[in-house]
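Asks:
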Amino acid sequence: MRNYRVKERKTPDGRIQLTGSEDEEQQKVIRWAQLMCNAYPDLEMLYHVPNGGSRNRAEAAKLKRMGVRAGVPDLVLPAPHAGYAGLYIEMKVGENRTSKSQREWLEKLTLRGYLALVCYGGNEAIDALEEYVKAPETILQIRRWD
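Residue numbers for the sequence shown follow our numbering, so the first one is 265 and each next one is one higher.
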């Protein structure tokens with residue numbers, strides 16, 4: 265397994281949490297989810313929304329026309345559990361904070377029945393995902409658009 269360039273951060277309960285870059289921490293979460301799909305099949309639906317990152321002006325303009333939105337959380341699990349319609353996770357590391365547009369998206373998603381979280385580091389995101397998929401499935405009324 266790959267070694268990360270990490271720094272240490274203590275969690276509120278005193279545990280040491282290692283954090284690398286946001287990209288590295290998110291890759292750690294995705295690898296964990298891929299390994300845990302047999303135990304928690306809903307993790308197969310976990311995906312990343314590639315809205316962030318630096319781009320040149322032409323590419324940024326094209327992506328905006330295609331529907332890229334500032335502030336959309338990094339990870340999405342469209343599986344209903346624990347009374348929620350699905351789970352959205354905004355990944356952060358170290359002292360990074362959410363932007364105004366990220367906070368607005370998290371609030372909008374929460375008001376629409378999703379669990380929308382900010383997770384600091386891969387370990388926190390993994391803990392949140394595991395707790396979420398272990399919770400009972402939410403029964404939704406299924407309707408077809410035929």
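The beta-carbon is built from N, C-alpha and C at its ideal position, and this holds for glycine as well.
Give me, in chain order, the residues of the same chain whose beta-carbon lies closer than 6 Å to that of Tyr352; leave out the 5 immediate sequence neighbours on both sides.
Replies: Answer for Tyr352: Pro337, Val340, Leu373, Tyr378, Ala380, listed in chain order.
Asks: Taking contact to mean 3 or more Cβ pairs, one atom from each stretch, closer than 8 Å, check whether the stretch 351–367 and the stretch 382–395 are in contact.
Replies: yes
Asks: What's the C-alpha gap between Lys326 and Glu289?
Replies: 28 Å
Asks: Figure out for me which residue from Tyr304, Gly331, Gln298, Ser285 has the closest Cα to the Cα of Tyr396.
Replies: Tyr304
Asks: Looking at the unbroken alpha helix (DSSP H) that takes in Ile403, where does it start and where does it end?
Replies: Careful: Ile403 lies outside any alpha helix (DSSP H) and carries neither H nor E.
Asks: Where does Arg309 sit, in a helix, a strand or coil, going by DSSP?
Replies: The sequence given here places Met at residue 309; Arg does not occur at that position. Residue state, collapsed to three classes: helix.
Asks: So is Leu404 buried or exposed if we call it buried at 16+ other beta carbons inside 10 Å?
Replies: Leu404 should be labelled exposed.
Asks: Would you mind stating whether Ile390 and Val293 have Cβ atoms separated by less than 8 Å?
Replies: yes
Asks: Output needed for Gly386: all residues of its chain with C-beta closer than 6 Å, excluding positions within five of it in sequence on either side, in chain order.
Replies: Glu289, Lys292, Val293
Asks: Can you list, in chain order, the residues of its chain whose CB lies under 6 Å from that of Leu310, leaving out five sequence neighbours each side?
Replies: Ala297, Leu341
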